[in-house]
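Quick notes on the structure that follows.
Number of protein chains: 2
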Amino acid sequence: MPVIDKSKVPVKTGSIYPEPYASQMAGRSSLRLGDAGGLTQFGANEVILAPGALSSLRHWHHREDEFVMVTQGECVLVQDEGETLMRPGDCAAFPAGDPNGHHFINKSAAEARFLVIGSRMNPEKATYSDVDLEVELKDGKATFTHKDGTPYQGDRT
Amino acid sequence: MPVIDKSKVPVKTGSIYPEPYASQMAGRSSLRLGDAGGLTQFGANEVILAPGALSSLRHWHHREDEFVMVTQGECVLVQDEGETLMRPGDCAAFPAGDPNGHHFINKSAAEARFLVIGSRMNPEKATYSDVDLEVELKDGKATFTHKDGTPYQGDRT
Chain A
1 MPVIDKSKVP VKTGSIYPEP YASQMAGRSS LRLGDAGGLT QFGANEVILA
51 PGALSSLRHW HHREDEFVMV TQGECVLVQD EGETLMRPGD CAAFPAGDPN
101 GHHFINKSAA EARFLVIGSR MNPEKATYSD VDLEVELKDG KATFTHKDGT
151 PYQGDRT
Chain B
1 MPVIDKSKVP VKTGSIYPEP YASQMAGRSS LRLGDAGGLT QFGANEVILA
51 PGALSSLRHW HHREDEFVMV TQGECVLVQD EGETLMRPGD CAAFPAGDPN
101 GHHFINKSAA EARFLVIGSR MNPEKATYSD VDLEVELKDG KATFTHKDGT
151 PYQGDRT
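So the sequence lines, in the order shown, correspond to chains A and B. So in UniProt numbering, spot 117 of the first sequence is number 117, and the numbers just go up one at a time. So in UniProt numbering, spot 156 of the second sequence is number 156, and the numbers just go up one at a time.
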């Protein structure tokens with residue numbers, strides 16, 4: 001049945017980031033709509049941002065194209081050049097390899113949602129613009145490193 | 001600039017279908033949003049259906065996954081099992097190779113829109129469920145045939 005019953009799609013919460021970054025993702029959840037519909041060739045996820053929530057650390061993908069359309073509420077897209085307020089129907093495209101990192105912040109008082117589509121490259125790498133962190137994704141496993149390639153152990157405070 | 005200014009995206013109209021099918025696509029147009037944003041790995045198009053318009057002939061893809069989210073108004077998804085009314089936020093997924101053809105019809109009095117994502121396989125093949133028509137897509141060229149493989153010349157009436 002290709003119509004997706006969103007009420008039956010598990011709400012994914014939490015983050016695979018190492019600390020102290022995982023804690024910064026509170027208030028973000030997502031529905032893996034494409035997976036729920038049996039798709040394998042790309043990801044199609046609806047991201048739900050509570051007021052104040054971030055979609056991710058600001059990042060860019062080395063090999064994967066990414067496309068976003070805001071579907072509910074409003075959120076702010078942050079890139080190198082600053083902030084853009086985005087509302088339902090507004091779209092952005094992030095071509096693979098463009099080192100202009102992005103993420104979304106819900107600065108409103110209401111829930112915001114966007115649909116995000118991403119290719120599924122294996123292996124893939126993402127770089128986080130504002131912190132000393134990168135991730136390599138291979139065969140379903142994520143390995144976080146510092147930008148010099150050394151393993152990430154978490155910040156010692 | 002990854003934010004897409006929809007007002008500057010060309011509105012694509014018309015159909016590559018042979019007659020008598022091309023004429024049946026009047027009232028359908030689309031915005032190639034992913035292309036406008038520099039993406040190459042998948043297509044992300046907003047399809048605009050005037051009242052009464054069809055999105056396509058009812059079809060299924062042999063190698064490409066497809067994902068749809070309705071973004072404005074309402075339209076009817078038609079599949080083997082019948083019709084499903086879909087409204088903004090409603091989604092459907094069409095895995096590659098599933099021979100349950102689909103299309104959308106705007107049976108309302110207002111414009112409807114949906115976002116459609118599709119992989120970009122080369123070559124690709126699509127089969128039209130309700131008519132004696134298939135298409136092979138290779139290196140940007142579409143070749144329409146009857147289902148027995150003979151070239152399509154259009155219906156002689």
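Heads up, the beta-carbon is just placed ideally off N, CA and C, and yes, glycines get one too.
Between the options, which lies nearest to residue i when the distance is taken from Cα to Cα?
i                      : options                                      : result
B/Asp-130              : B/Ser-29, B/Ala-96, B/Tyr-17 and B/Arg-58    : B/Arg-58
B/Ile-16               : B/Thr-150, B/Lys-147, B/Thr-143 and B/Pro-88 : B/Thr-143
B/Ser-7                : B/Pro-18, B/Pro-20 and B/Ser-30              : B/Ser-30
B/Phe-67               : B/Ala-50, B/Gly-52 and B/Cys-91              : B/Cys-91
residue 161 of chain B : B/Val-11, B/Glu-74, B/Gly-73 and B/Gly-43    : This structure cannot speak to residue 161 of chain B, because chain B is shown only from 1 to 157.
A/Val-76               : A/Thr-40, A/Gly-89 and A/Leu-54              : A/Leu-54
A/Glu-46               : A/Gly-52, A/Met-25, A/Gly-89 and A/Ile-117   : A/Ile-117
B/Gln-153              : B/Tyr-21, B/Trp-60, B/Leu-39 and B/Gly-73    : B/Tyr-21
B/Trp-60               : B/Ser-108, B/Gly-38 and B/Gly-97             : B/Gly-97
Label residue i either buried or exposed according to how many other C-beta atoms from any shown protein chain fall within 10 Å of its C-beta, with 16 as the threshold for buried.
i                      : result
A/Pro-95               : buried
A/Glu-83               : exposed
B/Glu-81               : exposed
A/Ala-93               : buried
A/Arg-87               : exposed
B/Gln-41               : buried
A/Ser-23               : exposed
A/Asn-122              : exposed
residue 185 of chain A : Because chain A here runs from 1 to 157, residue 185 of chain A falls outside it and cannot be looked at.
A/Val-70               : buried
A/Thr-157              : Caution is warranted here: a pLDDT of 46 is assigned to A/Thr-157, below 50, making its placement in the model unreliable, and the coordinate value is therefore given only provisionally. Exposed, by the Cβ-count rule.
B/Lys-141              : exposed
A/Gly-73               : buried
A/Lys-138              : exposed
Quick one: what's residue i bridged to in DSSP?
i         : result
A/Glu-83  : A/Val-78
A/Ala-109 : Looking at the DSSP assignment, A/Ala-109 forms no beta bridge with any residue, so it has no partner.
A/Glu-66  : A/Phe-94 and A/Gly-118
A/Ala-22  : None; A/Ala-22 has no bridge partner.
B/Asn-45  : B/Arg-32 and B/Val-116
B/Ile-4   : A/Cys-91
B/Leu-133 : B/Tyr-128
B/Val-11  : B/Leu-31
If you draw a straight line from the alpha carbon of residue i to that of residue j, how long is it in whole angstroms?
i                      : j         : result
A/Lys-147              : A/Ile-105 : 24 Å
B/Ile-4                : B/Ala-36  : 7 Å
B/Glu-136              : B/Ala-110 : 34 Å
residue 187 of chain A : A/His-62  : Here chain A covers residues 1 to 157 and nothing more, so residue 187 of chain A does not appear.
B/Pro-151              : B/His-103 : 24 Å
A/Thr-13               : A/Gly-27  : 8 Å
A/Leu-133              : A/Leu-85  : 26 Å
A/Val-78               : B/Thr-145 : 48 Å
B/Lys-125              : B/Ile-48  : 24 Å
A/Glu-19               : B/Pro-2   : 29 Å
B/Tyr-128              : B/Met-25  : 14 Å
A/Arg-120              : B/Gly-34  : 16 Å
B/Pro-51               : B/Phe-114 : 14 Å
Could you spell out the range, first to last residue, of the alpha helix (DSSP H) harbouring residue i?
i        : result
B/Ala-36 : 33-36
From which residue to which residue does the beta strand (DSSP E) around residue i run?
i         : result
A/Tyr-128 : 124-128
B/His-61  : 59-61
B/Ala-142 : 141-145
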